[in-house]
Each structure stands twice: as structure tokens, then as C-alpha cells.
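Presented below is the structure to which this report refers.
Number of protein chains: 2
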Amino acid sequence: MSKKNITDPHEILRGYNIKITPQRLLVYSILVNSNHHLSVDEVYAKVLETLPSVSRATVYATLECFRKHNLVKSLRIDPERSYFETRTDWHHHFLCRKCGKVFDVEVKPCIPMKKCMVEEHLIEDFQGYFYGICKKCLDKK
Amino acid sequence: MSKKNITDPHEILRGYNIKITPQRLLVYSILVNSNHHLSVDEVYAKVLETLPSVSRATVYATLECFRKHNLVKSLRIDPERSYFETRTDWHHHFLCRKCGKVFDVEVKPCIPMKKCMVEEHLIEDFQGYFYGICKKCLDKK
DNA sequence: CTAGTTGCAAAAGCTTTGCATGCAT
DNA sequence: ATGCATGCAAAGCTTTTGCAACTAG
Chain A
162 MSKKNITDPH EILRGYNIKI TPQRLLVYSI LVNSNHHLSV DEVYAKVLET
212 LPSVSRATVY ATLECFRKHN LVKSLRIDPE RSYFETRTDW HHHFLCRKCG
262 KVFDVEVKPC IPMKKCMVEE HLIEDFQGYF YGICKKCLDK K
Chain B
162 MSKKNITDPH EILRGYNIKI TPQRLLVYSI LVNSNHHLSV DEVYAKVLET
212 LPSVSRATVY ATLECFRKHN LVKSLRIDPE RSYFETRTDW HHHFLCRKCG
262 KVFDVEVKPC IPMKKCMVEE HLIEDFQGYF YGICKKCLDK K
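Protein sequence lines correspond, in order, to chains A and B.
Sequence positions in the first sequence follow my numbering and run 162 to 302.
Sequence positions in the second sequence follow my numbering and run 162 to 302.
Shown next as C-alpha cells:
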């Protein structure tokens with residue numbers, strides 16, 4: 162069976178015209194296999210488990226490369242650091258001020274999920290951030 | 162006439178239980194009188210025009226104090242730096258990727274403009290960020 | 001072969017902190 | 001009088017950069 166699976170990281174990167182390296186395959190797999198939004202440090206830590214010689218600069222370069230090619234999206238819901246995710250459709254996020262966790266929120270965005278004009282500006286991307294106390298932290302109190 | 166104007170910075174700060182100092186009055190006036198979203202450095206530069214001995218640390222502390230008391234809101238639409246504004250109702254912002262300017266966007270937010278529950282999380286604050294090319298930069302090309 | 005990627009170390013830029021002094025109430 | 005705010009300098013973090021060596025296509 163030589164039919165390639167469309168979820169094969171090689172195929173994905175090739176489809177986005179991203180040159181394939183072991184580091185990039187690894188970073189992409191880590192992001193795809195995590196259902197969380199990962200910070201650069203979290204990605205870096207996971208990378209080291211498999212390829213201990215990779216440098217932080219490579220992780221930054223790789224994530225920036227993915228972002229430029231629209232393979233991943235970066236979040237800045239937390240002012241302290243960036244998070245990355247492979248889900249690229251427009252959706253909202255929620256940051257819990259107690260535990261610091263980031264959640265997806267399935268609220269319908271206020272404008273269409275595609276490029277459009279708003280007040281004569283060309284909109285290319287969107288981020289909707291909510292801040293508050295998450296379900297779990299509410300229960301604890 | 163001794164009736165105090167409600168836009169008097171003294172009264173505003175007092176109303177928010179913020180201890181009054183010359184530095185704080187100045188920072189607040191700068192924010193209120195600017196119709197822009199100001200970065201810390203922009204606030205700091207304007208502060209120095211009036212009180213040249215104020216330190217950057219005081220500006221940071223003051224803005225954080227105002228933010229904690231809900232007198233101002235901070236934006237992180239630009240990953241590089243924070244912006245501050247006195248408009249505290251929920252509204253969207255737009256960052257132009259060409260010129261770097263931040264604009265208000267009067268799109269109706271996707272959830273009510275007050276504390277509410279979304280997917281069992283308590284929502285206390287909201288930021289909606291759009292990214293793209295602004296009207297002016299579109300015209301130039 | 002050749003452009004693009006990597007790893008390292010250092011630098012950059014924003015923000016926070018520790019501490020002594022000074023001020024608001 | 002006293003707790004909080006200020007100013008200064010230094011430190012902390014995330015992120016970027018310069019450069020030489022390497023590697024994918």
C-alpha cells in the first residue's frame with residue numbers, strides 16, 4: 162500500500178510548500194498531536210524529548226515559517242507569551258485568569274469566517290479573546 | 162462655581178479609589194485627551210514633556226494600577242507591546258500590518274457587552290482583534 | 001550545487017523588581 | 001504617622017539576529 166495518508170506530516174508540509182527537515186516534521190507532529198494551545202517553550206520541551214540537540218532559535222524559526230504559510234495560527238491571548246495551534250478556522254479563545262489555561266470557545270464570530278472588508282479595511286485574520294474564570298476554577302471556590 | 166466637573170481627572174481617580182498623585186493625574190489626562198491607543202512608550206514620552214523626572218517604571222505601575230481598577234483597558238493586538246485606552250466598553254480593534262496603526266472597529270461583539278457565561282466559563286472581559294491592511298495603505302498600492 | 005535551515009551565543013526590547021526615599025491622606 | 005507611590009538601576013523573559021556549518025532538493 163503506497164497510497165499516502167493525507168495526515169502524514171510529510172504530505173502536509175509538502176502541500177504548504179514548506180521544505181522538509183526532521184525538526185519541522187517533529188514540531189508539526191507535536192502541534193497536531195496536542196489538543197492544547199502550546200507555548201514556544203512547551204513545544205521546545207517536547208522537541209528536546211526526541212531531538213535533544215535542537216535549539217530554541219530553530220523552534221522559533223519553524224513556528225514562524227508555519228505561521229507565514231498559514232499552516233498554524235499564533236495566539237496572543239496571554240500578554241506574556243505566544244501560543245500556537247494547528248486549527249486555522251476563525252474561532253474564539255478564553256483565558257482563565259486563575260489557572261492560566263486557554264480554551265477554545267465555539268461562539269460564532271461576529272464577521273464572516275473569510276477575508277472581507279470592515280469599515281474599508283481589508284480583514285485577513287481575526288482573534289477573539291475572552292478573559293475570566295473557567296468552569297473548573299469556579300467549581301473550586 | 163464650585164460644582165466639580167465629572168470629567169475632572171481628580172474626581173475620576175477618586176471615583177475609582179485610586180490614590181491621587183501628580184504622575185497619575187498626568188498619565189490619565191494624556192490617555193483621555195488622546196483619541197489613539199497609546200503604547201507605554203508613547204505615554205512615557207508625553208509624560209516627560211510635562212514632568213521630565215518621571216521614570217518609566219512609574220508609568221508602568223500607573224497603567225497597571227488603572228487597569229486593575231478598570232479605569233483603562235490594555236490591548237495586546239500588537240505582539241510586540243501593550244497599548245492602553247480609556248474606552249472601556251467592549252469593542253473590536255484592527256491592526257494594519259503595513260503601517261502598524263491600531264483602529265477601533267464598530268462591529269457588534271458576538272456576545273453581550275457585560276459579564277456572562279459562555280460554555281460554563283465566567284466571562285469578565287473581551288478583546289476582538291482584526292489584522293489586515295487599512296484603508297489608507299490599500300489606497301497607496 | 002545552492003538556497004535555505006540549523007545551532008550557538010549574544011543582543012534586543014519590553015516589562016518587572018528591589019530598595020531607599022518621599023509623599024498623600 | 002504610615003502605608004503606598006516614586007525613581008533608579010539592574011534583572012528577567014521572550015524573541016530576534018549574526019554567522020558559520022550543514023543539508024534538502
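Note that the Cβ used here is the ideal one computed from N, Cα and C, for glycine as well.
Whole-number beta carbon distance between residue j and residue i, since they are thought to touch under 8 Å
i	j	result
VAL268 of chain A	HIS253 of chain A	5 Å
ILE272 of chain A	ILE284 of chain A	7 Å
Beta-carbon proximity list for residue i, same chain, < 8 Å, skipping 5 on both sides
i	result
THR219 of chain B	GLN184
ARG175 of chain A	ILE181
ASP202 of chain B	ARG242
ARG228 of chain A	LYS234, SER235, PHE245
VAL204 of chain A	VAL188, ILE191, LEU192, VAL220, LEU224, PHE245
LYS276 of chain A	LEU283, ILE284, GLU285
LEU299 of chain B	none
Own chain partners of residue i with C-beta closer than 6 Å, once the 5 adjacent residues on each side are dropped
i	result
LEU186 of chain B	PRO170
VAL215 of chain B	GLN184, VAL208
ILE179 of chain B	HIS230
THR247 of chain A	LEU192, VAL193, VAL233
THR168 of chain B	none
Neighbourhood of residue i by C-beta distance below 7 Å, restricted to the same chain and skipping five residues each side
i	result
LYS164 of chain A	Its pLDDT being 46, under 50, LYS164 of chain A is placed unreliably in this model, and the value from its coordinates should be taken loosely. Counting only Cβ-Cβ distances below 7 Å, and skipping sequence neighbours, we find nothing.
SER195 of chain A	none
LYS301 of chain B	none
GLU210 of chain B	none
ARG217 of chain B	TYR205
LYS226 of chain A	Inspection of the sequence shows that residue 226 of chain A is occupied by Cys rather than by Lys. Contacts found: ILE179.
GLN288 of chain B	LEU236
Contact set between residue i and chain A, taken where Cβ atoms lie within less than 9 Å
i	result
ASP169 of chain B	Simply none; closest approach about 30 Å.
GLY261 of chain B	Here the premise fails: no neighbours, minimum Cβ distance about 13 Å.
TYR290 of chain B	ARG237, ASP286, PHE287, GLN288, GLY289, TYR290
PRO270 of chain B	CYS271, GLY289
Per-residue contacts from residue i into chain B (C-beta, under 8 Å)
i	result
PRO240 of chain A	SER235, ARG237, SER243
C-beta contact flag for residue i and residue j at 9 Å
i	j	result
ARG237 of chain B	PRO240 of chain A	yes
SER243 of chain B	LEU256 of chain B	no
TYR189 of chain A	ASN231 of chain A	no
CYS260 of chain B	LYS234 of chain B	no
TYR292 of chain B	ARG258 of chain B	yes
VAL263 of chain B	GLU280 of chain A	no
ASP250 of chain B	MET278 of chain B	no
LEU199 of chain B	PHE245 of chain B	yes
Residues that residue i contacts on chain A, provided the C-beta gap is smaller than 7 Å
i	result
VAL266 of chain B	VAL279, GLU280
CYS295 of chain B	HIS282
Partner residues on chain B for residue i, Cβ-Cβ distance less than 7 Å
i	result
LEU299 of chain A	LEU283
Neighbour list for residue i in chain A, Cβ cutoff strictly below 8 Å
i	result
PHE255 of chain B	VAL279, GLU280, HIS282, ILE284
(request) For the region 166 to 237 of chain B, list the beta strand (DSSP E) runs that are entirely contained and at least 3 residues long, ordered along the chain. (result) DSSP runs (the beta strand (DSSP E)) wholly in the region 166 to 237 of chain B: 234 to 236.
(message) Report the start-end ranges of each beta strand (DSSP E) in the region 237 to 284 of chain A that is 3 residues or longer and not cut off at the edges.
(response) Listed in chain order, they are 244 to 246, 253 to 257, 263 to 266, 277 to 279.
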